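To start, the structure itself, in structure tokens.
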Amino acid sequence: MKNVYDQVSLFYNSEPMDLVSIKREWVESFLRYKAWQGAADSELRKLWQSIQLFIIYLQYADNEDLDELTEQDYVLLIEWLSTHVKGFKMSLKNARDFFAVLIEFQQHLVSRRIMSDCTEVERAASNIAGGKKLKLTKLLPSRDLALLSDDLNTVFTDPAVQNQEMAKVIGETVEHLMIKLGTYYQQDDFNEDFDRALYLYTGPLENIPDDGKEEFWLGFWDYFLFDYHLLANDNTPLAHFYQTFSERLSNEERQILNDLQSAQFTVFYVERILNQDWVECVNLFTNERFELPFLFDYNSLKKLLFYGHIFSQGMIVINYVTSIEVSKNLRRRIREEVLRQKRVFEIQKPGVDLISFFKRHALVVRHTIDILVTLAKVNVISNSQIERIFPKAVLSREPHAGVIQRLKRIYASYGFSKHDAELIQAMWHDLCQLTDIIVRKPEVWVAVLLYSYAQINYLNNVTVESLAADMHISEASIYKNKNKLSRILELKPFDPRYLGEEGFVVSLFMP
Numbered sequence: 015m016k017n018v019y020d021q022v023s024l025f026y027n028s029e030p031m032d033l034v035s036i037k038r039e040w041v042e043s044f045l046r047y048k049a050w051q052g053a054a055d056s057e058l059r060k061l062w063q064s065i066q067l068f069i070i071y072l073q074y075a076d077n078e079d080l081d082e083l084t085e086q087d088y089v090l091l092i093e094w095l096s097t098h099v100k101g102f103k104m105s106l107k108n109a110r111d112f113f114a115v116l117i118e119f120q121q122h123l124v125s126r127r128i129m130s131d132c133t134e135v136e137r138a139a140s141n142i143a144g145g146k147k148l149k150l151t152k153l154l155p156s157r158d159l160a161l162l163s164d165d166l167n168t169v170f171t172d173p174a175v176q177n178q179e180m181a182k183v184i185g186e187t188v189e190h191l192m193i194k195l196g197t198y199y200q201q202d203d204f205n206e207d208f209d210r211a212l213y214l215y216t217g218p219l220e221n222i223p224d225d226g227k228e229e230f231w232l233g234f235w236d237y238f239l240f241d242y243h244l245l246a247n248d249n250t251p252l253a254h255f256y257q258t259f260s261e262r263l264s265n266e267e268r269q270i271l272n273d274l275q276s277a278q279f280t281v282f283y284v285e286r287i288l289n290q291d292w293v294e295c296v297n298l299f300t301n302e303r304f305e306l307p308f309l310f311d312y313n314s315l316k317k318l319l320f321y322g323h324i325f326s327q328g329m330i331v332i333n334y335v336t337s338i339e340v341s342k343n344l345r346r347r348i349r350e351e352v353l354r355q356k357r358v359f360e361i362q363k364p365g366v367d368l369i370s371f372f373k374r375h376a377l378v379v380r381h382t383i384d385i386l387v388t389l390a391k392v393n394v395i396s397n398s399q400i401e402r403i404f405p406k407a408v409l410s411r412e413p414h415a416g417v418i419q420r421l422k423r424i425y426a427s428y429g430f431s432k433h434d435a436e437l438i439q440a441m442w443h444d445l446c447q448l449t450d451i452i453v454r455k456p457e458v459w460v461a462v463l464l465y466s467y468a469q470i471n472y473l474n475n476v477t478v479e480s481l482a483a484d485m486h487i488s489e490a491s492i493y494k495n496k497n498k499l500s501r502i503l504e505l506k507p508f509d510p511r512y513l514g515e516e517g518f519v520v521s522l523f524m525p
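Count the sequence shown with the working numbering and you get residues 15 to 525, in order.
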């Protein structure tokens with residue numbers, strides 16, 4: 015992102031405004047004030063990072079008024095940071111640094127008469143981090159905690175309120191879990207992933223709507239958490255968070271996160287209304303029938319097509335479900351077009367089932383629905399991609415290991431994902447089966463493979479000039495061997511054998 019104000023803008027645009035207790039103009043006013051004092055952008059980014067974590071904690075703790083925060087709230091804040099923020103260790107230095115930002119920020123708010131005073135945060139900083147050791151006092155004595163536990167047990171053993179109270183607890187647990195997920199993935203470590211996911215979600219047109227921003231970001235987060243694949247390990251963010259962070263979660267949060275991972279991307283429509291509480295739905299692609307709570311407007315119900323994530327048992331809609339009005343004819347066309355896309359994917363993964371196609375390319379389905387509804391294209395996928403006949407290997411040869419080893423070492427530095435690297439290796443394997451390649455400089459073939467893959471998928475992250483300079487080889491050698499690779503494998507733009515996630519999305523928008 016260009017500067018700290020872009021980071022602030024992205025955060026506030028992706029958060030429901032009624033949940034943010036610290037206004038955007040307060041933050042920007044403080045950052046401008048620091049900039050006028052001579053603070054560099056790197057320093058402003060650090061200040062914003064601390065303020066952002068403070069805002070997220072306030073959401074987590076459901077605190078809306080800065081003037082009402084107590085010393086105990088700041089104790090919980092420091093404990094929360096050490097538990098939920100990667101890299102924040104519960105140390106005296108970290109606590110002092112964090113309090114220094116909060117004090118300066120709140121002093122600025124006092125000077126603008128937004129807050130009445132900031133004595134509480136100053137007192138908390140002094141008592142918690144003012145001595146030689148970090149001092150974090152407990153919120154309740156053990157006797158009071160035991161009484162609280164007894165009260166909760168009483169509530170849950172009362173059948174009259176059990177379901178209602180359980181639903182409330184689950185709802186609060188899910189809300190807190192989502193805040194933790196948001197905090198984790200808004201760290202700088204995931205900036206490249208976040209930017210890539212946003213590009214994929216908006217498509218090559220890269221339009222973020224001025225109207226309906228909340229709906230846009232709800233849809234984006236649904237895609238990012240459930241369907242996006244991280245650059246480094248090809249896991250979804252939900253799966254990666256579970257693997258790396260589950261030990262810091264409560265048992266309830268772990269169970270819910272585990273259930274969320276079992277959700278499947280589903281496109282469905284309502285077949286009939288069963289009663290005032292339930293409707294019968296039909297999966298557009300499998301014709302499976304399942305029941306969902308009646309949460310929709312009755313008048314438009316039969317005209318809507320829905321897509322989102324549903325538990326595998328097909329009973330509860332989770333997270334965010336999108337609906338769009340379509341005719342029965344258009345619904346049929348959407349089904350046919352998506353099944354054609356699955357046939358394209360089968361060229362790369364023979365025998366793949368629909369679930370696996372959705373796990374890899376759910377975003378392609380989302381874009382296809384939108385394109386057929388809004389752009390009125392006749393076909394999203396061309397027949398030539400499905401009907402092509404590809405060269406077949408006659409002999410079986412072992413690919414040159416040196417090329418693969420070097421590829422694995424450098425692909426990430428050029429912005430390629432782990433999944434991209436697997437497809438690039440498949441390209442090298444196919445080439446070695448079709449002809450006997452004599453490798454004198456492995457770097458030449460690594461450059462050829464990276465550049466060819468980028469060309470197939472319409473990626474602009476590598477150029478012949480940069481590859482030649484980085485690998486100390488000639489540009490002519492790259493062009494010469496690229497032509498050889500293209501001729502033998504009969505490569506074309508958006509070649510289905512080596513079509514990555516970016517390439518598949520971009521291909522949908524091509525004329």
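C-beta: ideal position from N, C-alpha, C; glycine also.
Since the structure is predicted, the reported quantities are computational estimates derived from the model, not experimental observations.
Check whether residue i and residue j have beta carbons under 8 Å apart
i	j	result
Phe523	His375	no
Leu271	Tyr283	no
Ala114	Leu148	no
Val478	Val453	no
Leu445	Ile502	yes
Ala526	Gln362	An answer regarding residue 526 cannot be provided, because it is not within the stretch 15 to 525 covered by the chain.
Tyr237	Tyr215	yes
Ile92	Ile142	yes
Ile470	Phe430	no
Asn27	Trp235	no
Glu294	Lys317	no
Leu245	Lys60	no
Val358	Pro525	no
Leu95	Leu67	yes
Ile487	Tyr467	no
Val520	Tyr472	yes
Arg286	Leu319	no
Given residue i as reference, the closest of the options once Cα atoms are compared
i	options	result
Leu481	Asn471, Ser56, Trp459, Asn141	Trp459
Glu360	Tyr512, Ser488, Ile492	Tyr512
Val18	Ala49, Ile36, Ser35	Ala49
Tyr198	Phe255, Leu91, Ser43	Phe255
His243	Glu229, Phe208, Thr216	Phe208
Thr250	Phe259, Phe240, Val378	Phe240
Phe404	Ser96, Gln439, Glu504, Leu306	Glu504
Ile492	Pro456, Ile117, Pro510	Pro456
Ala440	Pro413, Tyr465, Ser431	Pro413
Leu377	Arg345, Ala211, Phe112	Ala211
Thr336	Ser43, Phe279, Pro223	Phe279
His381	Leu368, Ile395, Ile369	Ile395
Ile117	Ala54, Pro525, Asp131	Asp131
Tyr323	Asn397, Lys373, Leu123	First, the residue type needs correcting, since residue 323 is His and not Tyr in the sequence shown. Nearest C-alpha to His323: Lys373.
Val99	Gln201, Leu306, Thr300	Gln201
Val281	Gln257, Arg303, Asn397	Arg303
Met192	Ala75, Gln63, Ile400	Ala75
Gly101	Gln419, Phe259, Ile451, Ala483	Phe259
Length of the line joining the Cα atoms of residue i and residue j
i	j	result
Asp165	His190	Low confidence applies to Asp165: its pLDDT is 31, below 50, so where it sits in the model is not reliable enough to give any reading.
Asp172	Arg268	Because the pLDDT at Asp172 is just 32, under 50, the model does not fix this residue reliably, and the value given afterwards should be weighed accordingly. Taking the straight line joining both Cα atoms gives about 25 Å.
Met129	Glu436	55 Å
Met104	Asn247	29 Å
Arg126	Arg46	14 Å
Met485	Ile70	44 Å
Thr449	Val462	16 Å
Arg262	Ala415	41 Å
Glu229	Phe371	26 Å
Val331	Ser276	Reliability fails at Val331, whose pLDDT of 48 lies under 50, so the model's placement of it is uncertain and the value that follows must be treated cautiously. Their backbone Cα atoms lie some 12 Å apart in a straight line.
Arg222	Val476	Per the sequence shown, the amino acid found at residue 222 is Ile instead of Arg. Each residue's Cα considered, the two are about 26 Å apart.
Trp292	Asn343	26 Å
Ser140	Leu150	12 Å
Leu409	Arg349	39 Å
Glu516	Asn289	43 Å
Gly217	Val124	44 Å
Asp20	His443	43 Å
Gln120	Glu136	10 Å
Ser43	Leu72	20 Å
Identified DSSP bridge partners for residue i
i	result
Glu294	Arg286, Glu305
Glu339	Leu318
Residue-level contact to chain B via CB, residue i, 8 Å cutoff
i	result
Arg38	Structure shown: chain B not included; a single protein chain is present.
*Taking three-plus beta-carbon pairs below 8 Å as touching, is the segment 485 to 499 in contact with the segment 347 to 366?*
no
_Does the structure place the segment 371 to 390 close enough to the segment 420 to 427 that three or more beta carbon pairs sit under 8 Å?_
With the cut-off at 8 Å, the segment 420 to 427 and the segment 371 to 390 do not touch.
*Given 8 Å as the limit, is there contact between the segment 76 to 88 and the segment 38 to 47, that is, 3 or more CB pairs closer than that?*
no
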